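Written out below as structure tokens is the structure these notes cover.
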Amino acid sequence: MNGMTAVVEAEGLTKFYGQRRGLEDLDLAIQPGEVFGYLGPNGSGKTTTIRLLLDVIRPTRGRATVLGLDPGDAKVRARIGYLPGELALAGRERAGQYLRFLADARGGVAQARIDELAERLEADLSVPMGKLSKGNKQKVGLIQAFMHRPEFLILDEPTSGLDPLVQQEFLAMVREVRADGRTVLMSSHVLAEVEHVSDRVGIVRSGRLVAVEEVAALREKAVRRVELHFDAPVPPEAFEGLPGVRDLRAAGASVTCTIDGRPDALIKAAARFTVVHLVSAEPDLEEIFLTYYSGEEDQHARVGSAKPA
Amino acid sequence: MPALVAQSLREYRRMLIGWTIGISVFMSIYIGIYANIKESPEVYGPAALAKYPGALKDLMGGLADFTSGPGFLQSVVYQLFVPMLFIACACGIGNRAIAQPEESGLLELTVTLPIERVRLLLQRFGAGLLGLLAAVALTYLLAWAIATNVGVGVPADRILAAHTGVFLLALFFGTLTLAVGAATGRKGLASAVAGVWTIGGYAVVTIGQNVSAISWLKWVSPFHYYLEGKPIYQGFPVGDYLVLAGATAVLLLTAALAFDRRDVGV
Ligand SMILES: Nc1ncnc2c1ncn2[C@@H]1O[C@H](COP(=O)(O)OP(=O)(O)O)[C@@H](O)[C@H]1O
Ligand SMILES: [Mg+2]
Chain A
383 MNGMTAVVEA EGLTKFYGQR RGLEDLDLAI QPGEVFGYLG PNGSGKTTTI RLLLDVIRPT
443 RGRATVLGLD PGDAKVRARI GYLPGELALA GRERAGQYLR FLADARGGVA QARIDELAER
503 LEADLSVPMG KLSKGNKQKV GLIQAFMHRP EFLILDEPTS GLDPLVQQEF LAMVREVRAD
563 GRTVLMSSHV LAEVEHVSDR VGIVRSGRLV AVEEVAALRE KAVRRVELHF DAPVPPEAFE
623 GLPGVRDLRA AGASVTCTID GRPDALIKAA ARFTVVHLVS AEPDLEEIFL TYYSGEEDQH
683 ARVGSAKPA
Chain B
116 MPALVAQSLR EYRRMLIGWT IGISVFMSIY IGIYANIKES PEVYGPAALA KYPGALKDLM
176 GGLADFTSGP GFLQSVVYQL FVPMLFIACA CGIGNRAIAQ PEESGLLELT VTLPIERVRL
236 LLQRFGAGLL GLLAAVALTY LLAWAIATNV GVGVPADRIL AAHTGVFLLA LFFGTLTLAV
296 GAATGRKGLA SAVAGVWTIG GYAVVTIGQN VSAISWLKWV SPFHYYLEGK PIYQGFPVGD
356 YLVLAGATAV LLLTAALAFD RRDVGV
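Line order of the protein sequences matches chains A and B.
The working numbering applies: residue 383 is where the first sequence begins, and numbers increase by one.
The working numbering applies: residue 116 is where the second sequence begins, and numbers increase by one.
Below you can see the structure in the form of structure tokens.
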């Protein structure tokens with residue numbers, strides 16, 4: 383596309399755990415410099431994809447290259463920073479000591495760099511790892527993923543367990559990585575967690591990539607629940623038949639509905655009255671699924687999951 | 116020293132120190148008893164023999180010559196207890212190398228470091244080997260010092276020969292545990308395989324040696340290659356020890372190849 387090698391290139395990448403499908407026929411290319419959000423509900427195959435890219439597990443069929451090389455090549459992993467989805471840290475060893483080991487095993491990272499990240503995330507590295515809270519473990523995980531300034535960051539549910547302030551700091555770190563021209567693949571089951579930093583998102587479901595979208599386009603398609611409160615009762619007819627407005631409920635001085643894509647028509651209709659309060663929930667992934675992938679595939683998925691194992 | 120070897124040693128350290136202290140205490144007490152036996156062999160010799168039924172005597176390696184220095188050292192220290200303690204220690208480390216951190220999820224970050232799988236396994240093994248060597252060296256010095264002190268009358272090189280055998284036995288079973296864990300990722304299975312082979316192997320060369328139906332099994336018992344040469348009496352059984360070392364090398368190679376091919380943490 384732009385002459386550079388794709389950071390990730392997967393073709394027909396498939397992983398079965400015995401009979402159980404982890405991921406099937408993934409075709410995906412992630413370009414240098416982009417932040418790719420990898421979205422899907424629990425059990426959809428995000429971790430499976432990521433562990434395939436890191437050669438922790440091996441594909442049943444299909445292939446993938448990472449930074450132009452086979453994931454089995456240890457040299458590739460020197461250029462990757464990885465935050466596991468279920469980060470395990472345990473024992474009496476202090477977090478700082480463990481980070482020192484990871485830094486040395488990666489060929490050396492200045493202690494000042496580790497300290498800087500720890501300060502930024504407000505992580506206490508003097509605590510034994512077994513005694514770290516979930517949030518603090520996640521911070522240690524982030525430090526080790528970012529510390530060597532890798533070309534490619536693979537972050538599996540990075541925001542889980544982080545409190546909102548740290549989440550903001552983390553998102554700032556991701557933006558800096560993008561500003562450097564480095565590449566990020568991050569998974570989440572909540573669009574809201576990745577949409578503000580991602581250029582594109584891929585939606586994976588039951589082991590299949592069902593859509594890859596520019597975030598801007600996805601947001602247009604997203605279903606959003608909106609609640610409007612007025613200073614006086616409003617006639618329901620004023621909101622009926624608006625393009626993209628569904629599930630309309632007008633009762634007295636309030637109107638609730640869901641909107642598909644742009645809120646423009648609704649806003650214009652509401653503007654004729656005095657709006658005292660407006661609530662617009664972040665669109666959640668589940669609702670995008672229900673709107674856009676509720677066709678045949680959904681039927682199959684439901685029937686499939688209803689079968690006895 | 117590679118970062119992973121140093122890190123692995125840190126992980127094994129507590130366990131190694133614990134076992135070294137335990138084995139040292141055991142040896143101090145039991146070798147020390149020899150002072151009493153030496154003074155009144157007529158009390159301890161028949162008493163020891165009378166106390167044990169035949170099968171149990173077999174299990175303890177016959178208990179012949181119990182009141183002599185070498186006989187005592189062999190029966191009480193090098194026949195059963197110290198080998199078993201070291202084997203347990205080595206199997207513990209063998210599991211800590213791969214299967215245990217894999218089951219707890221701790222291996223995930225290690226396998227995603229820029230270190231090839233085979234190298235990773237060899238470094239985990241190398242750290243275990245160094246740790247075990249240190250424990251063996253310390254306990255050898257202690258055994259020698261106490262034995263000299265109470266006048267067991269076994270020369271240092273014979274004690275070294277026996278101690279080396281214990282080391283090779285422990286290394287074999289530790290590597291076996293590592294290999295099963297590296298091939299399957301299951302530490303329970305690894306412990307079970309090592310445990311059954313240890314107990315079965317010991318039984319075959321002691322109480323089983325006169326049962327012709329199973330006596331051929333001694334060839335697959337690592338204990339055969341340790342006990343048969345009577346290192347306390349005859350020094351290094353070089354050929355037998357090479358068999359143990361060679362078998363360990365085969366296990367290690369198997370471990371490395373199996374780990375290299377496998378999905379981790381599934
Ligand atoms: N080790 C495993 N053994 C068997 N099935 C697995 C294993 N890991 C994942 N799976 C299955 O593969 C599917 C995808 O899992 P995963 O990749 O962990 O999803 P996600 O990370 O999106 O939550 C799920 O159905 C899950 O049950
Ligand atoms: Mg996951």
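Note that the Cβ used here is the ideal one computed from N, Cα and C, for glycine as well.
Given the structure is predicted, the values throughout are model-derived calculations rather than measurements.
Consider the Cβ of residue 371 of chain B: report whether some Cβ of chain A lies at a distance smaller than 9 Å.
No, because no Cβ of chain A sits closer than 9 Å to the Cβ of residue 371 of chain B.
Is DSSP giving residue 514 of chain A helix, strand or coil here?
Looking at residue 514 of chain A - three-state DSSP - the assignment turns out to be coil, as it is neither helix nor strand.
For residue 298 of chain B, which residues in chain A fall below 7 Å Cβ to Cβ?
Chain A residues near residue 298 of chain B: none, gap ~15 Å exceeds 7 Å.
Report the CB separation of residue 543 of chain A from residue 526 of chain A in whole angstroms; it is logged as a contact under 8 Å.
No, residue 543 of chain A and residue 526 of chain A are not in contact; Cβ-Cβ is about 15 Å, not under 8 Å.
Determine whether the Cβ of residue 470 of chain A lies closer than 9 Å to any Cβ atom of chain B.
So yes, residue 470 of chain A belongs to the interface.
Taking all protein chains shown into account, decide if residue 523 of chain A is buried (16 or more other Cβ within 10 angstroms of its Cβ) or exposed.
Per the 10 Å Cβ criterion, buried.
Under 9 Å, do residue 609 of chain A and residue 603 of chain A count as touching if we go by C-beta distance?
Against a cut-off of 9 Å, the Cβ pair of residue 603 of chain A and residue 609 of chain A comes out as no contact.
Per the DSSP calculation, residue 420 of chain A is bridged to which residue(s)?
Residue 420 of chain A pairs with A:569 and A:584.
Where does the unbroken beta strand (DSSP E) through residue 556 of chain A begin, and where does it stop?
No beta strand (DSSP E) holds residue 556 of chain A; the alpha helix (DSSP H) holding it covers 546 to 561.
Output yes if chain B places a C-beta closer than 9 Å to the C-beta of residue 398 of chain A; else output no.
With 9 Å as the cut-off, residue 398 of chain A does not count as an interface residue toward chain B.
At what residue ranges does the stretch 321 to 370 of chain B contain a whole run of the alpha helix (DSSP H), taking only runs of 4 or more?
Listed in chain order, they are 327 to 330, 339 to 342 and 346 to 349.
The stretch 123 to 156 of chain B: which residues have C-beta closer than 9 Å to a C-beta of chain A, in chain order?
Here the close residues are 125, 126 and 129.
Please list the partners that residue 219 of chain B has in chain A, where partner means a Cβ-to-Cβ separation under 8 Å.
Simply 470 and 472.
For a test of the three-state rule: what should DSSP assign to residue 632 of chain A, helix, strand or coil?
Correct three-state label for residue 632 of chain A: strand.
What distance in whole Å lies between the Cβ atoms of residue 262 of chain B and residue 138 of chain B, which are believed to be in contact at a cut-off of 8 Å?
With 8 Å as the limit, residue 138 of chain B and residue 262 of chain B do not qualify as a contact, their Cβ atoms being about 15 Å apart.
Would you say residue 242 of chain B lies against chain A (beta-carbon separation less than 9 Å)?
Judged by the 9 Å Cβ criterion, residue 242 of chain B is not in contact with chain A.
Within this structure, are the beta carbons of residue 247 of chain B and residue 359 of chain B separated by less than 9 Å?
Result no, Cβ atoms of residue 247 of chain B and residue 359 of chain B do not sit closer than 9 Å.
Taking all protein chains shown into account, decide if residue 343 of chain B is buried (16 or more other Cβ within 10 angstroms of its Cβ) or exposed.
Label assigned to residue 343 of chain B: exposed.
What separation, rounded to the nearest whole angstrom, lies between the Cα atoms of residue 191 of chain B and residue 180 of chain B?
Roughly 12 Å separates the two Cα atoms.
Spell out whether any CB of chain B is found under 9 Å from the CB atom of residue 528 of chain A.
Taking Cβ atoms only, chain B never reaches closer than 9 Å to residue 528 of chain A, which makes this a no.
Distance check for residue 433 of chain A and residue 677 of chain A, CA to CA, integer angstroms please.
Because residue 677 of chain A sits at a pLDDT of 46, beneath the cut-off of 50, its placement in the model cannot be relied upon, and the point is left open.
Under 9 Å, Cβ to Cβ, is there at least one residue of chain A near residue 121 of chain B?
Yes, residue 121 of chain B counts as interfacial toward chain A.
In terms of DSSP beta bridges, what is residue 448 of chain A paired with?
Beta-bridge pairing links residue 448 of chain A to A:390 and A:451.
I'd like the list of long-range same chain contacts for residue 235 of chain B, defined as Cβ closer than 7 Å, with 5 residues on each side in sequence excluded.
The answer, listed in chain order, is 119, 225 and 226.
For residue 563 of chain A, does the count of other Cβ atoms within 10 angstroms reach 16, so buried, or fall short, so exposed?
That one is exposed.
For the stretch 427 to 446 of chain A, which residues have a beta carbon sitting closer than 9 Å to at least one beta carbon of chain B?
Answer set for the stretch 427 to 446 of chain A: 433, 436, 437, 438, 439 and 440.
Below 7 Å on C-beta distance, what does residue 453 of chain A contact in chain B?
None at all; the shortest Cβ gap to chain B is about 10 Å.
For a test of the three-state rule: what should DSSP assign to residue 679 of chain A, helix, strand or coil?
Because the pLDDT at residue 679 of chain A is just 48, under 50, the model does not fix this residue reliably, and the point stays unresolved.
Can you find a CB in chain A that lies within less than 9 Å of the CB of residue 224 of chain B?
Chain A contact via Cβ: present.
Closer than 6 Å by C-beta to residue 341 of chain B: which residues in its own chain qualify, once you throw out the five before and the five after it? Chain order, please.
Same-chain partners within the cutoff: 280 and 284.
Keeping to the same chain, check which residues put their C-beta closer than 8 Å to that of residue 504 of chain A; ignore five residues upstream and five downstream.
Cβ within range, chain order: 521 and 548.
May I ask you to report which of helix, strand or coil DSSP gives residue 612 of chain A?
Of the three classes helix, strand and coil, the one that applies to residue 612 of chain A here is strand, per DSSP.
For residue 404 of chain A, which residues of its own chain have a beta-carbon under 7 Å away from its beta-carbon, when the five flanking residues on both sides are left out?
Answer for residue 404 of chain A: 397, 398, 427, 430 and 589, listed in chain order.
Just to check, is the beta-carbon of residue 377 of chain B closer than 8 Å to a non-hydrogen atom of ligand 1?
No, ligand 1 has no heavy atom inside 8 Å of this Cβ.
On the three-state DSSP scale, how would you describe residue 396 of chain A?
Strand at residue 396 of chain A.
Let me check you understand the geometry: is the CB of residue 513 of chain A closer than 8 Å to at least one non-hydrogen atom of ligand 1?
It does not: the Cβ of residue 513 of chain A is nowhere closer than 8 Å to a heavy atom of ligand 1.
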